[in-house]
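In what follows, a single structure is set out as structure tokens and then discussed.
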Amino acid sequence: MLLINQNELLAEGNHVIRTAIEKCIQCGTCSASCPLSQYMDYTPRQIVTLVREGLIHEALKTKTIWLCSTCYLCAVRCPAKINIGEFMTVLKRFTLKNGYSDNLLYPKLMRTYVEYVDKYGRISEPRLMIKFSLKINPFKLLKMLPLSMKLLRDGVLSFSLERVQNLHEVKA
Amino acid sequence: MIGRNLSYYPGCSCSKYGTGRYYGSSSIAVLKALGVDIKEIEDWNCCGSNLYRVIDEKRAYLLGVRNIAKALEMNLPEILVLCPACFLSLNRTLTEVSTNKELKNELKEKYNVIGSPLFSKLRIRHIIDFLVNDIGEEAVKNRVEKKLEGLKIAAYYGCQITRPYGYFDDPEFPTSLERIISWIGGQPVESSLKTKCCGGMLMLTNEKEVLNVIEKILKSYAKVGAEFIVTACPLCHLNLEIAKTRLSEKAGLDKDIPIIYFTQLIGFSFNIPIEELGISKAVAERLDRKIALTVAARGEVNG
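Protein chains in written order, with our numbering: chain A, 1 to 172; chain B, 1001 to 1303.
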């Protein structure tokens, strides 16, 4: 187990983490606003508590941070003006840096996305979906058939991808 | 408004091969009909969305800055964006580069335009903002050839158009799209979940949870009697379509409700050919039938 302390997290997260630790009044508005909080193991409010108490390791292991879709409803409602969505993004980044989450789906999706951007400078959603599905569970592709048919009928399914011409500029 | 110039950042989804290509083509067609000339940024790259920055924040900013620099080289002070993820991402990059001196100085060496006076004037504009606040009611109304009379149209904004910044409308209960709908003759109906997040990319990783969320959203639209849903985000659009194919067994939602981009609907009312807008024949017939019914019913009342 890696021992992570609050200071390391504070160094990573600019002022978002500090604001959350210092300003959160634990009202739970973020948890009540979150469209996905009912599926989380800890609510967003509780994640702030964990971080505040220095239980960083526990916070990083939660499902919660990977269920945040960064819709920022929490951020615009927070009476203490904490951008909880950004707070979650910093926790995600910190988790990946410290090697906590290699088997989770969402980090795999993000890595697939980043690979595409690095390789072509742009992405193709259908190709991204297929590549990701092949990585995790090829049977998932079968479930996509009805949608693929629908997209095909609408004339918007294409596997072509226009790559960036001056790719070296993107990479530099 | 004639002669107004903006640079245009399509982003991956709304470009030639993306699933939102008709959001792109219909937007271009509508703006052209309104006399606005947009010039695509040359050799643009992916904005990095909210994903890239989780892996590498610095590089995510560099992705954004390359696009901004290319737009500035065109000597145009505004970038038009359709996709909310691109909109947020480019705006975040602009804010960060403007406020983070260290980053700005580093980037100035790479892109001269970052230090130019034009940079400080640069604005990233979402097409909704541009249509409502720059083009305005009169110009849109004047261009309508086919009023969408009697059509109960509900807008689904999704999350990132107005959040977290809320540049041009209320972050939680925006009304810009409803205004546009009424300008083209439609009857806007509103769901209280119109800015509830669709789950975004989580559809690929947490499908069950995301489908539950969208089920609530679609039910709320059925409840207010929506006959058409208009979207303004390629990912919301795709997710709603996925949900429609998966939730067809569920009660309390309209599994046949057409979901189209709001720019496609504006284009339809402007009488732009449906092939250019990417509206299917079935949806076009449905729209026409509904309009004809309203007109006929009014005739009976008056007669």
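In this text, a Cβ means the ideal position worked out from N, Cα and C, and glycines have one as well.
Scan the stretch 59 to 70 of chain A for residues whose Cβ lies nearer than 8 Å to a Cβ of chain B and list them as they occur along the chain.
Trp66, Leu67, Ser69, Thr70
Quick check on the DSSP output: the beta strand (DSSP E) that includes Ile1188 of chain B runs from which residue to which?
Checking the sequence, you will find Pro at residue 1188 of chain B rather than Ile. Start and end: 1187 to 1189.
Delimiting residues of the beta strand (DSSP E) encompassing Lys1152 of chain B
1152 to 1156
Would you check if the stretch 1249 to 1257 of chain B and the stretch 1166 to 1179 of chain B touch, i.e. whether three or more CB-CB distances between them fall below 8 Å?
no
How many Å lie between Phe1119 of chain B and Leu73 of chain A at the Cα?
30 Å
For Met1 of chain A, which of helix, strand or coil comes out of DSSP?
Model confidence at Met1 of chain A stands at a pLDDT of 43, short of 50, so the residue's coordinates are unreliable; what they give is reported in the following sentence. Looking at Met1 of chain A - three-state DSSP - the assignment turns out to be coil, as it is neither helix nor strand.
When the Cα of Leu1131 of chain B is compared with those of B:Ile1028, B:Cys1236, B:Ile1055, B:Ser1116, which residue comes out closest?
B:Ile1028
Using a beta-carbon distance cut-off of less than 7 Å, what residues from the stretch 1186 to 1212 of chain B approach chain A?
Lys1196, Cys1197, Gly1199, Gly1200, Met1201, Leu1202, Leu1204, Thr1205, Asn1206, Glu1209
Should Val1210 of chain B be counted as a contact of the ligand ZN given a C-beta to heavy atom distance under 7 Å?
The model on display carries no ligand, and the ligand ZN is accordingly not part of it.
Would you call the stretch 1222 to 1236 of chain B and the stretch 1194 to 1203 of chain B in contact, with 3 or more CB pairs under 8 Å?
yes
In three-state terms, what does DSSP make of Val1144 of chain B?
coil
According to DSSP, simplified to helix, strand and coil, what is Asn1271 of chain B?
coil
Is there a Cβ of chain A sitting closer than 8 Å to that of Arg1163 of chain B, yes or no?
yes
Are any of the Cβ atoms in chain A nearer than 8 Å to that of Gly1166 of chain B?
yes
Lys1147 of chain B versus Ser1269 of chain B: straight-line alpha-carbon distance, rounded
6 Å
CB contact below 8 Å: Leu151 of chain A versus chain B:
yes
Bounding residues of the alpha helix (DSSP H) (the contiguous stretch that carries Phe1119 of chain B):
1117 to 1121
If you draw a straight line from the C-alpha of Leu1051 of chain B to the C-alpha of Pro79 of chain A, how long is it?
27 Å
Give, in chain order, every residue of the stretch 1045 to 1058 of chain B whose Cβ lies closer than 9 Å to some Cβ of chain A.
Asn1045, Cys1046, Gly1048, Ser1049, Asn1050, Leu1051, Tyr1052, Arg1053, Val1054, Ile1055, Asp1056, Glu1057
Leu1031 of chain B by DSSP, collapsed to three states: which one?
helix
Going along chain B, which residues have a C-beta under 8 Å from Tyr100 of chain A?
Within chain B, no residue comes near Tyr100 of chain A; the closest Cβ sits about 13 Å away, beyond 8 Å.
Going along the chain, which unbroken runs of the alpha helix (DSSP H) with 4 or more residues stay wholly within the stretch 1010 to 1093 of chain B?
1011 to 1014, 1021 to 1033, 1052 to 1055, 1057 to 1073
For Tyr35 of chain A, does the count of other Cβ atoms within 10 angstroms reach 16, so buried, or fall short, so exposed?
The question names Tyr, but residue 35 of chain A is Pro in the sequence shown. Per the 10 Å Cβ criterion, buried.
Asp1043 of chain B: contacting residues in chain A (beta-carbon distance under 9 Å)
Gly121, Val164, Gln165, Asn166, Glu169
Cutting at 6 Å between CB atoms, please list the residues of its own chain near Leu60 of chain A, excluding the five before and the five after it.
Thr95, Tyr100
Which value, in whole angstroms, describes the spacing of the CA atoms of Ile1184 of chain B and Val1030 of chain B?
12 Å
Determine, using beta-carbon pairs with one atom in the stretch 1071 to 1078 of chain B and one in the stretch 1010 to 1029 of chain B, whether at least three such pairs fall under 8 Å.
no
List, in chain order, every chain B residue whose beta-carbon is nearer than 8 Å to that of Arg111 of chain A.
Ile1055
Measuring straight from C-alpha to C-alpha, what distance separates Val1097 of chain B and Glu1109 of chain B?
13 Å
Go ahead and pull the three-state DSSP assignment for Val164 of chain A.
coil
For Arg1179 of chain B, return the contacting residues in chain A, with the cut-off set at a CB-CB distance below 8 Å.
Those within 8 Å of Arg1179 of chain B in chain A number zero; the least Cβ separation is about 21 Å.
Give the single residue among A:Asp118, A:His15, A:Leu128, A:Ser148 whose Cα lies nearest to the Cα of Leu253 of chain A.
Residue coverage of chain A in this structure runs from 1 to 172, which leaves residue 253 of chain A outside it and unanswerable.
In whole angstroms, give me the CA-to-CA distance for Met1001 of chain B and Val1036 of chain B.
Confidence in Met1001 of chain B is poor, its pLDDT being 47 and thus under 50, which makes the residue's placement unreliable; the coordinate value appears in the next sentence. Rounded to whole angstroms, Met1001 of chain B to Val1036 of chain B spans 7 Å at the Cα level.
Assign Gly85 of chain A to buried or exposed, taking buried as 16 or more other Cβ atoms, counted over all protein chains shown, within 10 Å of its Cβ.
buried
Using 8 Å as the threshold, is the C-beta distance between Leu1063 of chain B and Asn1091 of chain B below it?
no
Under 8 Å (Cβ pairs) to chain B, residues found in the stretch 31 to 44 of chain A:
Pro35, Leu36, Tyr39
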